[in-house]
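Chemist:
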Amino acid sequence: MGIAPIQVAHFERPVVRITARRGWLQLELRELWSYRELLYFFVWRDVKIRYKQTAIGAAWAVLQPFLTMVVFSLFFGALAKIPSQGLPYPVFYYCALLPWMYFASALQNATNTVVEHQRVITKVYFPRLVLPLASVLSGLVDFAIGFVVFLAMMLYYGIVPTRTTLLLPVFLLLAVLTALGLGLWLSALNALYRDVKYVVPFLLQFWMFASPVVYPSALVPERWRWLYALNPMAGVIEGFRWALTGHGQPPGGMLLVSAGMVAVTILGGLIYFQKMEGTIADVV
Amino acid sequence: MREAVIQTERLGKRYRIGEREPYRALRHILGETLKSPLRIFRRTRPSYFWALKDVSFEVREGEVLGLIGRNGAGKTTLLKILSRITRPTDGHAEIRGRVGSLLEVGTGFHPELTGRENTYLSGAILGMSKKEIDAKFDSIVDFAEIEKFLDTPVKHYSSGMFVRLAFSVAAHLEPDILLVDEVLAVGDIAFQKKCLGKMGDVAHGGRTVVFVSHQMNQIRRLCQRVVWFDAGQIRKNGPTAEVVGAYEGAMAAGEVVGSPAAATPGGKARFLRWEIVEPRASEPHLLSSLGPVTVNFEVRVNEPVLRGHHGAALFNAERQLMWAWATDDLRLEPGSHLLSYTFPMLPLRPGVYAWQVSLWDDRTLLELWDCLPEMIIATEVHQHPLDEWNGVLNIPCNFHVSDGRGMRLAGSARI
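In order, the protein sequences belong to chains A and B. FYI, the numbering for the first sequence is 16 to 299, going by our numbering. FYI, the numbering for the second sequence is 3 to 417, going by our numbering.
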């Protein structure tokens, strides 16, 4: 009486329902978006730590592909005389090593990320998807540094970029998505079976030879080309060479098959990762 | 009546037992399959236990709810479900508002990063936005008292500095609902007081808080309502005084608190409780002076122990052994016995310590008990003023300078 009840301003509050099971694939993109700053901080931390803990820091991002390129040019190029689509061997190999090395390290980091963050995972909630996403994105910084070296090489060899170069982001995106799709599977599997991380280096070694890194895909017989294209990195690497130098053939049909494969991997990865997400804290 | 912000309906969580390693190596599975290829089809039924079962309760907006119960009663599991770290096996919960959980001090800290960088990283992991951290940054640093070391990697911090910064970041979290596990007994005693003060501010500041603790005086001071968990289920839910009273009554009546034997009655012997009888304090597990100290462990023996062997050990929070002792050739008749230890002083640095006691009969382990609650040492600090020079021992001493003939010179001091 006398005092009117104070109307408390009712803020829009998120309502979360916690249940035993979720549907097959419930991508909570809005939630993921609200955690974008955390994603940024994870990427920022990965990059920072990688360069803090090493003696020569960011130079690694240059040395690794560069030295590998030198070795490849020498042995596969000068000695084995593998056809290089009319490109100088250093350019031929560096073009392929850029996306390949990005992919290899992104996949390895993504595989380990859930286990590496077990302490955080068991103590605080955030969409676990942020973890593999961050490890895949943080590799792009190395890629960018390595790319600057490529620009210098282009100058040195007098290679003029063509309009095809504009398509480069498409191929890069495909590489990112491939690493993410497989990373989703492997990071969750690695939490369950710790030896998955030992399998990955082998997998990558075989995979490199199943991709046109040391040779052009033109060496693969025409009738097997479709099978070859099931490896998304084949399309990515061929695409990189073509987009950056204009040499070789545009990976048209091959790219479509690759993109299809990536879509399947990502979809499966998301479903599997999400199935694991709710109980991952109990197993790591 | 205020709106319910947490509502749970028959919440349950089941874990598998028997697997010592939670995760498996692929080679084990391959190996097992090679050894007996049919086994994968013949599923052995794993055994389960319910860490939480049929838990229904609600928390209203602005309420400070305490969760009590012995270790393994399901309190932490409940916090983990409510903070979405793990999913329940059964039932559901509904939560209105932004949830922040503090289950550990220092979540997300990276040793290579500086104090400043870790503040942002840990803040973001706990759920703060960059803008929020920017705004609270000075206050966080102020509270932690680490201005000078802001740009030093935290791996060079003393444990005291680390904990202060970590707590300070966590204490500045301002979600609608705060879930806190017993993280308050950190740092030196002065900082502990500061932490409790901060928690009090939060608790009385109108925010909804769910708070797990073993320390009944903390619960009494901070909470309006308490839920007592026992073996994964709610035993009592009501006003603080009532529930804490009942809980303490049950403990005093000899109900085993935290003893694993509670689940297996009929053993030969069972530890019932432990307490500090000298010096007397309001809280029988809190030590507020250096000594003399008398600690009693009560054990109930059901069948005669003829060649008894008894051990006691004291560990610090990092599980380092502080002290241990063993006695042989004990004869214990059936009944209740007090195993009593008197120390002229227990000169240990303030913090949380845990006793472990055991009783054997002729090399057969009858009972091993990690005593609960833990022992809180909250004595005055007789140590170097800088954290990084604080040792394990906490001993007062006299210091003076003299010449060769024993003449005192300047510089006498008592620390």
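The beta carbon of each residue, even a glycine, is placed where N, CA and C say it ideally should be.
(1) From residue 48 (chain A) to residue 54 (chain A), what distance separates their C-alpha atoms?
(2) How should residue 113 (chain B) be labelled, buried or exposed, when 16 other C-beta atoms within 10 angstroms of its C-beta is the threshold for buried?
(3) Which one of B:341, B:372 and B:382 has the shortest CA to CA distance from residue 348 (chain B)?
(4) Since residue 106 (chain B) contacts residue 138 (chain A) with CB under 8 Å, what's their CB separation in whole angstroms?
(5) Near residue 79 (chain A), which residues of its chain fall below 7 Å by C-beta distance, leaving aside the five closest residues on each side in sequence?
(6) Which bits of chain A does residue 92 (chain B) rub up against, with CB to CB less than 7 Å?
(7) Using 8 Å as the threshold, is the C-beta distance between residue 75 (chain B) and residue 13 (chain B) below it?
(8) Measuring only the C-alpha atoms, how far is residue 71 (chain B) from residue 9 (chain B)?
(9) Relative to the C-alpha of residue 394 (chain B), which candidate in B:375, B:172, B:353 and B:370 has its C-alpha closest?
(10) Any idea what DSSP makes of residue 174 (chain B), helix, strand or coil?
(11) If you compare alpha carbons, which of A:75, A:120 and A:149 is closest to residue 129 (chain A)?
(12) Going along the chain, which unbroken runs of the alpha helix (DSSP H) with 4 or more residues stay wholly within the stretch 123-187 of chain A?
(13) The ligand SAH and residue 344 (chain B): does the residue's C-beta get closer than 7 Å to at least one heavy atom of that ligand?
(14) So, for residue 172 (chain B): in the same chain, excluding its five sequence neighbours on each side, which residues have a beta-carbon less than 7 Å away from its beta-carbon?
(15) Taking residue 216 (chain A) as part of the alpha helix (DSSP H), name the residues at either end of that continuous run.
(16) Check whether the stretch 118-127 of chain A and the stretch 159-172 of chain A are in contact - that is, three or more C-beta pairs closer than 8 Å.
(17) Helix or strand or just coil, what does DSSP make of residue 46 (chain A)?
(18) Output the distance between the C-alpha atoms of residue 24 (chain B) and residue 298 (chain A), rounded to the nearest integer angstrom.
(19) Does the count of Cβ pairs from the stretch 140-159 of chain A and the stretch 215-227 of chain A closer than 8 Å reach three?
(20) Looking only at its chain, what residues have a beta carbon closer than 6 Å to the beta carbon of residue 360 (chain B), apart from the 5 residues adjacent to it on each side?
(21) Flag residue 210 (chain B) as yes if its beta-carbon sits less than 8 Å from any beta-carbon of chain A, otherwise no.
(22) What residue does the beta strand (DSSP E) around residue 338 (chain B) start on, and which one ends it?
(23) Show which residues of chain B have a CB atom less than 8 Å away from the CB atom of residue 293 (chain A).
(24) With residue 178 (chain B) and residue 32 (chain A) assumed to form a contact (beta carbons below 8 Å), what rounded beta-carbon distance in angstroms separates them?
(25) Leaving out the 5 sequence neighbours to the left and right, which residues in its chain are closer than 6 Å to residue 279 (chain B) when beta-carbon positions are compared?
(26) Measuring straight from C-alpha to C-alpha, what distance separates residue 75 (chain A) and residue 93 (chain B)?
(27) Would you list, in chain order, the members of the stretch 273-297 of chain A that have their beta-carbon closer than 7 Å to a beta-carbon of chain B?
(28) I'd like to know whether the C-beta atoms of residue 333 (chain B) and residue 350 (chain B) end up nearer to each other than 8 Å.
(29) Assign residue 53 (chain B) to one of three DSSP states: helix, strand, or coil.
(30) Could you tell me which uninterrupted alpha helix (DSSP H) segments, each at least 4 residues in length, are contained entirely in the stretch 216-249 of chain B, listed from first to last along the chain?
(31) Report buried or exposed for residue 203 (chain B), applying the criterion of at least 16 other Cβ atoms within 10 angstroms of its Cβ.
(32) Taking the beta strand (DSSP E) that residue 280 (chain B) falls in, what are its first and last residues?
(33) Please classify residue 363 (chain B): is it buried, with 16 or more other beta-carbons within 10 angstroms of its beta-carbon, or exposed?
(34) Which one or two residues does DSSP pair with residue 377 (chain B) in a beta bridge?
(35) Using three-state DSSP, classify residue 64 (chain B) as helix, strand or coil.
(36) Assuming residue 252 (chain A) and residue 111 (chain A) make a contact with CB atoms under 8 Å, what is their CB distance in whole Å?
Modeler: Considering the structure as presented:
(1) Translated into the one-based positions of the first sequence, residue 48 (chain A) becomes position 33. Translated into the one-based positions of the first sequence, residue 54 (chain A) becomes position 39. Spanning the two alpha carbons is a distance of roughly 9 Å.
(2) Along the second sequence, one-based indexing puts residue 113 (chain B) at 111. With fewer than 16 other CB atoms across the displayed protein chains lying within 10 angstroms of its CB, residue 113 (chain B) is exposed.
(3) Working through the second sequence from its first residue, we reach residue 348 (chain B) at position 346. Residue nearest to residue 348 (chain B) within the set B:341, B:372 and B:382 is B:382 (criterion: CA-CA distance).
(4) Here residue 106 (chain B) is taken as the residue at index 104 of the second sequence, counted from 1. Here residue 138 (chain A) is taken as the residue at index 123 of the first sequence, counted from 1. Their Cβ separation, rounded to whole angstroms, is 5 Å, which keeps residue 106 (chain B) and residue 138 (chain A) in contact under 8 Å.
(5) Position 64 of the first sequence, counted from the start, is the residue given in the question as residue 79 (chain A). Once the five neighbours on either side are set aside, the close Cβ partners of residue 79 (chain A) are 116.
(6) As a position in the second sequence, residue 92 (chain B) is number 90, starting the count at 1. Near residue 92 (chain B) (Cβ distances below 7 Å), the residues of chain A are 35.
(7) The residue labelled residue 75 (chain B) in the question sits at position 73 within the second sequence. The residue labelled residue 13 (chain B) in the question sits at position 11 within the second sequence. Inclusion of residue 75 (chain B) and residue 13 (chain B) in the CB contact set at 8 Å is not warranted, their separation being larger than that value.
(8) Here residue 71 (chain B) refers to the residue found at position 69 when the second sequence is read from its first residue. Here residue 9 (chain B) refers to the residue found at position 7 when the second sequence is read from its first residue. Here the C-alpha atom of residue 71 (chain B) lies approximately 20 Å from the C-alpha atom of residue 9 (chain B).
(9) Mapped onto the second sequence, residue 394 (chain B) falls at position 392. Of B:375, B:172, B:353 and B:370, the smallest CA-CA separation from residue 394 (chain B) is found for B:353.
(10) The count along the second sequence starts at 1 and reaches residue 174 (chain B) at position 172. In this structure, residue 174 (chain B) counts as coil in the three-state DSSP scheme.
(11) What you label residue 129 (chain A) is simply residue 114 of the first sequence in a count that begins at 1. Among A:75, A:120 and A:149, the Cα nearest to that of residue 129 (chain A) is on A:149.
(12) Here the runs fully enclosed are 133-136 and 145-172.
(13) Only the bare structure without any ligand can be found here, which leaves the ligand SAH out of the picture.
(14) Here residue 172 (chain B) refers to the residue found at position 170 of the second sequence. Excluding its 5 nearest sequence neighbours in each direction, residue 172 (chain B) has C-beta neighbours in its own chain below 7 Å: 104, 107 and 128, listed in chain order.
(15) Mapped onto the first sequence, residue 216 (chain A) falls at position 201. Judged by DSSP secondary structure, residue 216 (chain A) falls within the alpha helix (DSSP H) whose first and last residues are 211-224.
(16) With the cut-off at 8 Å, the stretch 118-127 of chain A and the stretch 159-172 of chain A do not touch.
(17) Your numbering for residue 46 (chain A) matches position 31 in the first sequence. If DSSP states are grouped into helix, strand and coil, residue 46 (chain A) belongs with the helices.
(18) Taking the second sequence and counting its residues from 1, the one referred to as residue 24 (chain B) is at position 22. Taking the first sequence and counting its residues from 1, the one referred to as residue 298 (chain A) is at position 283. Note that residue 24 (chain B) has pLDDT 48, beneath the 50 cutoff, so the model's placement of it is unreliable and the number below is only indicative. Cα to Cα, residue 24 (chain B) sits roughly 5 Å from residue 298 (chain A).
(19) Segments in contact, no.
(20) For the purposes of this step, residue 360 (chain B) is identified with residue 358 of the second sequence, where counting begins at 1. Contacts found: 313 and 370.
(21) By one-based count along the second sequence, residue 210 (chain B) stands at place 208. False, the Cβ-Cβ gap to chain A never drops below 8 Å.
(22) To locate residue 338 (chain B), count along the second sequence from 1; it is residue 336. Run containing residue 338 (chain B): 337-345, per the beta strand (DSSP E) assignment.
(23) Taking the first sequence and counting its residues from 1, one reaches residue 293 (chain A) at position 278. Within chain B, the residues near residue 293 (chain A) are 88 and 89.
(24) In the second sequence, the residue the question calls residue 178 (chain B) occupies position 176. In the first sequence, the residue the question calls residue 32 (chain A) occupies position 17. 16 Å between Cβ atoms; not a contact.
(25) Counting from 1 along the second sequence, the entry for residue 279 (chain B) is found at position 277. Hits under 6 Å: 296 and 298.
(26) Within the first sequence, numbered from 1, the residue matching residue 75 (chain A) stands at position 60. Within the second sequence, numbered from 1, the residue matching residue 93 (chain B) stands at position 91. Near 51 Å, if we compare the C-alpha coordinates of residue 93 (chain B) and residue 75 (chain A).
(27) Answer set for the stretch 273-297 of chain A: 293, 294, 296 and 297.
(28) In the second sequence, counting from the first residue as 1, residue 333 (chain B) sits at position 331. In the second sequence, counting from the first residue as 1, residue 350 (chain B) sits at position 348. Their beta carbons are not under 8 Å apart, which means residue 333 (chain B) does not touch residue 350 (chain B) by this criterion.
(29) The residue labelled residue 53 (chain B) in the question sits at position 51 within the second sequence. Under the three-state reduction of DSSP output, residue 53 (chain B) falls in the strand class.
(30) Fully enclosed alpha helix (DSSP H) runs of 4 or longer: 218-224.
(31) Here residue 203 (chain B) is taken as the residue at index 201 of the second sequence, counted from 1. So residue 203 (chain B) ends up on the exposed side.
(32) As a first step, residue 280 (chain B) must be located in the second sequence, where it is residue number 278. Note, residue 280 (chain B): beta strand (DSSP E), 271-280.
(33) In the second sequence, the residue the question calls residue 363 (chain B) occupies position 361. With 16 or more other Cβ atoms inside 10 Å of its own Cβ, residue 363 (chain B) counts as buried.
(34) Working through the second sequence from its first residue, we reach residue 377 (chain B) at position 375. The beta-bridge partner set that DSSP reports for residue 377 (chain B) consists of B:355.
(35) Counted from its first residue, the second sequence places residue 64 (chain B) at position 62. In this structure, residue 64 (chain B) counts as coil in the three-state DSSP scheme.
(36) Translated into the one-based positions of the first sequence, residue 252 (chain A) becomes position 237. Translated into the one-based positions of the first sequence, residue 111 (chain A) becomes position 96. Confirmed, about 5 Å.
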